[in-house]
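The opening residue of the sequence shown carries number 16 in the numbering used here; numbering runs sequentially from there.
Note that CB positions come from ideal geometry on N, CA and C, so glycine has one too.
Bear in mind that the values here come from a model prediction, so they are computed numbers and not experimental data.
Below is one structure, written out as structure tokens; comments come after it.
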Amino acid sequence: METTDQRRAYVGITLTAGPASMQFAGSNAQQHLKAVLQQRGPRAAELISMIRELAGVRPLR
Numbered sequence: 016m017e018t019t020d021q022r023r024a025y026v027g028i029t030l031t032a033g034p035a036s037m038q039f040a041g042s043n044a045q046q047h048l049k050a051v052l053q054q055r056g057p058r059a060a061e062l063i064s065m066i067r068e069l070a071g072v073r074p075l076r
């Protein structure tokens, strides 16, 4: 089925925060992630926190 075909439902999974999820996101959504981080909004702060946690970096105080 082409992506232009009309759909009846969407099936997907929720990825939990972890190294595999971050690798997937980084590999498949680079431009989106870059745009979110450049906006420096609440979602950017959440992503930065997740990246720091996965890298073992302590939060800034």
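Exposure of residue i, with buried meaning 16 or more beta-carbon neighbours within 10 Å
{"i": "M16", "result": "For M16, the predicted model reports a pLDDT of 46, less than 50, meaning its position is unreliable; a value from the coordinates is still stated below. Flag for M16 reads exposed."}
{"i": "L30", "result": "exposed"}
Sequence-distant residues of the same chain with beta carbon closer than 7 Å to residue i, five excluded per side
{"i": "L51", "result": "Reading the sequence as shown, one finds Val at residue 51 and not Leu. Correct list, in chain order: R58, A59, L62."}
Among the options, nearest to residue i - alpha-carbon criterion
{"i": "I66", "options": "Q53, Q46, G33, G56", "result": "G33"}
In chain order, each alpha helix (DSSP H) run of at least 4 residues that lies wholly inside the stretch 18-73: The stretch 18-73 contains these whole alpha helix (DSSP H) runs: 34-43, 45-54, 57-70.
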